[in-house]
Every structure is written in structure tokens, then in C-alpha cells.
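Visitor: Encoded as C-alpha cells, here's the structure I'll be asking about.
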Amino acid sequence: MKFFIDTANLDQIREANELGVLDGVTTNPSLMAKENIRGEENCRRHYAAICAIVDGDVSAEVIATDYEGMIREGEELAAIHPNIVVKLPCTAEGIRAVRYFAGKGIRTNCTLVFSPGQALLAAKAGATYVSPFVGRLDDICSDGVELVGKIVEMYRYYGYPTQVLAASIRHTQHIMQCVEAGADVATCPLAAIKGLLRHPLTDSGLAAFLADHKRVNG
Ligand code: E4P
Numbered sequence: 004m005k006f007f008i009d010t011a012n013l014d015q016i017r018e019a020n021e022l023g024v025l026d027g028v029t030t031n032p033s034l035m036a037k038e039n040i041r042g043e044e045n046c047r048r049h050y051a052a053i054c055a056i057v058d059g060d061v062s063a064e065v066i067a068t069d070y071e072g073m074i075r076e077g078e079e080l081a082a083i084h085p086n087i088v089v090k091l092p093c094t095a096e097g098i099r100a101v102r103y104f105a106g107k108g109i110r111t112n113c114t115l116v117f118s119p120g121q122a123l124l125a126a127k128a129g130a131t132y133v134s135p136f137v138g139r140l141d142d143i144c145s146d147g148v149e150l151v152g153k154i155v156e157m158y159r160y161y162g163y164p165t166q167v168l169a170a171s172i173r174h175t176q177h178i179m180q181c182v183e184a185g186a187d188v189a190t191c192p193l194a195a196i197k198g199l200l201r202h203p204l205t206d207s208g209l210a211a212f213l214a215d216h217k218r219v220n221g
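Just so we're aligned: 136 in this note's numbering is position 133 of the sequence shown, and the numbers increase by one with no gaps anywhere.
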């Protein structure tokens, strides 16, 4: 199970990386905008800064929605660093672009996936990762974790090497549910990753150990 952090915030990426359990980063245009990163050149610089922090895959999303634009942007993004994974929306143009990049040996993350059929096309096109959006499905009273499980099962049955990257993770329980569903990767907010550490028995146990030590050692 790999952990990616879902943010473009360099401080949060550093903090997660320092935990020693971070395998990569996912970003999207909204997360880049949240950090106020404007213009293609600044975006490229920001992706390079992320790659300098984390030794793992970094998804960088294209803005273009037409095939030619996706190819141009994707090639520019892939040239930034060997760890860049070109993130493409699950549209007809995006699937064509996934196929193109697969042929060139450039890794891709097919994003905005909300159905097993979309995930099937992404795998057939040769995506490295497919990103089902768990939280956004839960938001509309659908079952995001169930979708992750269905895609995992389908890929196992047919032997597709595409990795299932559970995205739109909103909280710690989502992470554990995606683990149970067999996701290869979960991309999470920092708070959800840190939530895995929380347990009242750990806190009270540690307090008791330290109190006993102090009683004897002063
Ligand atoms: C995936 O790679 C996306 O960046 C992300 O997980 C979207 O999550 P959201 O639904 O919280 O915006």
C-alpha cells in the first residue's frame, strides 16, 4: 500500500515526507490555485520543487482538454523530472492521450474516474494509475469505497497492471476502507494520514510509562 499526499503545499509535503512513509504526491489545478501558483513557468518550477522534496511519483495535471494540447502539455510536464506522472482527465481525448503516453513510456494518472467502465478504458489505454474519487461519490450519496473495490477486482480478474489510486480521500476512515478494498495507493490530505497515528491508549500508555520512569528516576 502506497501513501501519496494530495496537496501542492510545500510545507505539508515536507512534513509528510519527514514522517518517512510518503511514496508520492498528487496535485490538481484546484490545489495549485490554492497555493496561488500562476502561469506555466511557475507551475513547472513548483512541480520541480515538489520533486526535490519527495523521492516518488508526482502527478502533474494538464489543463488542456483537447488531444493535441494534452500531448504538448504532458510532454512539457514529463520533461520537468523523471518522477513526474502526467495526470489526464478520463475523457475521450484524455484516454487517447493516455494511450499516446503509454506508447512513449511516459507514466500517466487517469483522473476524475467515477465508474468501473471509465476505469476499464483507462487500463486498456495503458494508464499507470487510475484515480477513482471516493469522497466526491460519497458526497452525492454513492459509495466511493465500493467503486475502489470493484475496480481492484476487475483489474485483478483481467490482469491489468494499472494501479488503483484511491483519490478524494476526506478522512482517516476512508484510508482504512480503501486498504480493505485493496487499493494500491491512497492519496490523502495530511490530516487524514496523521489521523492514523491517533489512539487514546497510545497516549495514556505513553503517559503511564513516562510517569513510572519519573517516579523511580526523579
Ligand atoms: C486526486 O488526485 C485529486 O487531486 C483529489 O484527490 C481530489 O479530491 P477532492 O475531492 O477532495 O477535491
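No residue lacks a Cβ here, since even glycine has one placed at the ideal position from N, Cα and C.
Note down the Cα distance separating A169 from A195, rounded to an integer number of angstroms.
Guide: For A169 and A195, the gap between their C-alpha atoms comes out near 13 angstroms.
Visitor: If you follow the alpha helix (DSSP H) that M64 is part of, which residue opens it and which one closes it?
Guide: Before going further, note that residue 64 is Glu rather than Met in the sequence given. Counting along the chain, E64 falls outside any alpha helix (DSSP H), though it belongs to the beta strand (DSSP E) covering D60 to E64.
Visitor: Given the structure, does S171 come close to the ligand E4P, in the sense that its CB is under 6 angstroms from one of the ligand's heavy atoms?
Guide: yes
Visitor: Just to check, is the beta-carbon of S145 closer than 6 angstroms to a non-hydrogen atom of the ligand E4P?
Guide: Not so, every heavy atom of the ligand E4P lies at least 6 angstroms from the Cβ.
Visitor: Would you call Q176 buried or exposed, if buried means 16 or more other Cβ atoms sit within 10 Å of its Cβ?
Guide: exposed
Visitor: Report buried or exposed for T68, applying the criterion of at least 16 other Cβ atoms within 10 angstroms of its Cβ.
Guide: exposed
Visitor: I'd like the list of long-range same chain contacts for V133, defined as Cβ closer than 7 angstroms, with 5 residues on each side in sequence excluded.
Guide: Hits under 7 angstroms: C113, V116, A122, A125, A126, I154, T165, V167 and L168.
Visitor: Can the beta-carbon of L25 be found closer than 7 angstroms to that of A19?
Guide: yes
Visitor: Helix, strand or coil for I143 per DSSP?
Guide: coil
Visitor: Would you check if there are 3 or more beta carbon pairs closer than 8 angstroms linking the segment 96–115 to the segment 71–84?
Guide: yes
Visitor: Measure how close the beta-carbons of I109 and A128 come, nearest whole angstrom, since I'm counting them as under 8 angstroms.
Guide: Actually they are not in contact, since the Cβ atoms of I109 and A128 sit about 13 angstroms apart, beyond 8 angstroms.
Visitor: According to DSSP, which residues form a beta bridge with G27?
Guide: F7 and D60
Visitor: Please look up how many angstroms separate the CB atoms of L91 and T111, rounded, as I've assumed it's under 8 angstroms.
Guide: 6 angstroms
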